[in-house]
Structure formats: C-alpha cells, structure tokens
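Beneath this line is the structure, given in structure tokens, with notes to follow.
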Amino acid sequence: MVQEKKAQPIGIFDSGIGGLTVAKAILKELPNERIVYFGDTAHLPYGDKSTAAIQAYSVKICDLLLKQHCKVILIACNSASAAAYELVKEYVGSKAKVLNVIDPIVNYIGKTYPGKTIGLIGTKQTVNSNVYRKKVDDLNLGIELKSHATPLLAAMIEEGFFNDSISESVIHAYLSDPALKGIEALILGCTHYPLIKKQIEAYYQGKVDVLDASMIVAEHVKNYLQANKLASDKLVGDHKFYVSDFTHSFEESTRIFFKRQVHLEHYPLWE
Ligand code: DGL
129 MVQEKKAQPI GIFDSGIGGL TVAKAILKEL PNERIVYFGD TAHLPYGDKS TAAIQAYSVK
189 ICDLLLKQHC KVILIACNSA SAAAYELVKE YVGSKAKVLN VIDPIVNYIG KTYPGKTIGL
249 IGTKQTVNSN VYRKKVDDLN LGIELKSHAT PLLAAMIEEG FFNDSISESV IHAYLSDPAL
309 KGIEALILGC THYPLIKKQI EAYYQGKVDV LDASMIVAEH VKNYLQANKL ASDKLVGDHK
369 FYVSDFTHSF EESTRIFFKR QVHLEHYPLW E
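Okay, so the sequence shown: first residue is 129 according to our numbering, each after it adds one.
Next up, the structure:
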C-alpha cells in the first residue's frame with residue numbers, strides 16, 4: 129500500500145501562476161516527484177476575495193487533486209493558506225496530507241529569530257486574517273510581528289513590472305511605511321514575491337534578511353515525505369498543469385515563474 133502511494137503525485141494549487149515559484153522549488157528539492165498543479169486563474173486574485181469565496185474555490189480544487197490521486201495537497205498560496213487551510217484539511221481528511229505555505233516559515237522564524245522583530249508583507253487577505261500573527265504568538269518566543277498589506281505587488285508582477293523603475297517605486301513606497309519600522313527580517317508572504325526578492329534586498333542593503341518561503345516550504349515537503357516513507361524513488365509520468373481560465377498570456381508568463389514554459393490545460397471549476 130505504502131509502496132503504491134509513493135508513486136502518487138503532489139498536488140499544488142494557487143490563485144494563479146504565482147505558486148509556480150513553489151512548484152519550481154519542490155521539483156528542485158524533489159526531482160523524483162510528479163506534480164499536478166492547479167492555478168485558479170478564473171478567480172485571481174484571491175488576495176482581495178472574502179474568506180468564504182476562497183474556501184469554496186479551494187474545496188473545488190481539492191476535488192480535482194483528489195481525483196488525480198494526489199498523496200499530498202500543498203496550498204501554494206498564502207491567501208488560501210490563511211483562509212482555507214483548516215477547512216481543506218477537514219474536507220480532505222485521510223485521503224491526502226494537506227500542507228500550507230505558512231507553517232514552515234513560522235517554524236523557521238521561531239528557530240532563527242527568537243526575541244526579534246520580524247516584518248510580513250502579503251495580500252490583504254493574508255495580512256488582515258492575522259493568521260501569521262496568531263501562529264507567531266503561539267510560538268511564545270517573544271517575537272514581534274509587524275505586518276503591512278501590499279496588494280499592488282502581486283498585480284504589478286502579473287503585469288510584468290519587476291526589476292524595473294516602476295516596481296522599484298512601488299516597493300519603496302510600501303517598505304518605507306512606518307508599519308515596518310525596526311524589523312530584522314521580512315517574510316515575503318505571497319508566492320509572487322520571490323520575483324522581486326532582489327529588489328527588496330537592494331532596498332534594505334543587507335540590513336534586513338529577506339525570507340523567501342519557497343525553498344523552506346520545499347524542504348518541509350521533503351521532510352514530510354521522507355519521515356512518512358512517501359518519497360517517490362523515480363519520476364514516472366508527466367507533470368500536469370491546469371488553469372481554470374486559459375489565456376496565452378498565462379501560458380507565456382509561466383516561464384517567468386517556473387523558469388521554463390509549460391503547457392497549461394484548461395479545467396473550469398464550475399461547468
Ligand atoms: N499568490 C497569492 C498569495 O500567495 C497572491 C495572489 C493573489 O492575490 O491571488 O497570496
């Protein structure tokens with residue numbers, strides 16, 4: 129039974145193609161794993177949606193990932209991790225292990241920055257849900273979390289504005305906000321943000337550690353698979369990439385997030 133399960137894919141989902149930054153890190157860390165990726169491009173952006181809407185989308189996506197026999201479902205979106213993780217975990221039950229992108233980074237913060245002041249940037253949903261704050265407080269390690277919603281950043285990146293003067297101005301305007309004063313590290317709490325990590329690092333000039341969760345999450349998935357003897361021994365079959373709404377521009381943008389182009393299949397969540 130365990131033997132069979134090893135060969136099952138890892139399901140990964142996001143509001144769109146931003147979660148491909150996490151998928152890329154997973155394949156780098158776990159090259160023998162097959163992935164099924166779902167980008168909910170019909171409902172993008174999640175960051176401005178209600179908790180109830182994100183929960184409904186997430187459950188529908190899990191139906192597809194379970195149909196594809198995923199052994200793990202990774203919510204590769206901070207907004208969905210904040211809004212729907214507990215519900216999805218209950219919904220999926222024992223059919224697959226559900227992981228999110230928030231817990232691994234919170235554990236990392238606990239190990240690396242006890243007693244320090246840490247910043248968080250993310251969508252309105254992620255920041256206003258206070259999920260990061262609650263989880264950091266639960267560590268009880270005297271860590272102060274200062275957060276600031278940065279809703280323009282994901283849209284800006286989707287529109288191709290990064291590593292240029294426009295993105296520099298927007299990043300500067302957000303990071304200079306007094307809400308983030310005095311931080312020693314900054315969590316990039318959105319799966320789009322690895323694409324602007326260099327510009328954020330340039331803003332801080334080495335004075336603040338900039339934490340991109342994708343590698344930390346990939347390592348967490350690897351540890352889970354190995355501890356539970358679920359890691360695949362060799363890659364069998366092809367990765368699959370689904371989107372709920374298809375445009376060529378999404379397909380072209382996958383190269384930016386995934387570092388190589390992929391073929392997207394259209395899979396509407398509601399017929
Ligand atoms: N990738 C999503 C996240 O990690 C942000 C984009 C969106 O608002 O849908 O929060």
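The beta-carbon is built from N, C-alpha and C at its ideal position, and this holds for glycine as well.
Computed from a prediction, not measured in an experiment: that's the story for all the values here.
(message) Does the structure place the stretch 139-154 close enough to the stretch 201-212 that three or more beta carbon pairs sit under 8 Å?
(response) yes
(message) Please return the same chain residues whose Cβ sits closer than 8 Å to the Cβ of residue 219, not counting the five positions on each side in sequence.
(response) Counting from 1 along the sequence shown, the entry for residue 219 is found at position 91. Answer for residue 219: 187 and 190, listed in chain order.
(message) According to DSSP, is residue 319 part of a helix, a strand, or is it coil?
(response) In the sequence shown, the residue the question calls residue 319 occupies position 191. In the structure shown, residue 319 sits in coil (DSSP, three-state: anything other than H, G, I, E or B).
(request) Any chance you could list the alpha helix (DSSP H) runs of at least 4 consecutive residues sitting entirely within the stretch 243-330, in chain order? (result) 252-256, 259-267, 280-286 and 293-303
(message) Does the structure place the stretch 262-269 close enough to the stretch 286-294 that three or more beta carbon pairs sit under 8 Å?
(response) no
(message) Could you give the first and the last residue of the continuous beta strand (DSSP E) run that contains residue 166?
(response) Your numbering for residue 166 matches position 38 in the sequence shown. Its beta strand (DSSP E) spans residues 163-167.
(request) Enumerate, from N- to C-terminal direction, the unbroken beta strand (DSSP E) stretches of 3 or more residues contained entirely within the stretch 156-227. (result) 163-167 and 200-203
(request) Kindly confirm or deny that the stretch 318-325 and the stretch 275-284 touch, where touching means at least three C-beta pairs closer than 8 Å. (result) yes
(request) Evaluate residue 147 with the Cβ neighbour count: other Cβ atoms within 10 Å of its Cβ, from every protein chain shown; 16 or more gives buried, anything less gives exposed. (result) Position 19 of the sequence shown, counting from 1, holds the residue named residue 147. So residue 147 counts as buried.
(request) Please confirm whether residue 372 and residue 392 have their CB atoms less than 7 Å apart. (result) Taking the sequence shown and counting its residues from 1, the one referred to as residue 372 is at position 244. Taking the sequence shown and counting its residues from 1, the one referred to as residue 392 is at position 264. Cβ atoms of residue 372 and residue 392: not closer than 7 Å.
(request) Excluding the 5 residues preceding and the 5 following residue 278 in the sequence, name in chain order all residues of the same chain whose CB lies nearer than 6 Å to its CB. (result) The residue you call residue 278 lines up with position 150 of the sequence shown. Non-local C-beta neighbours of residue 278 in its own chain, meaning closer than 6 Å and more than five positions away in sequence, comprise 249 and 302, ordered along the chain.
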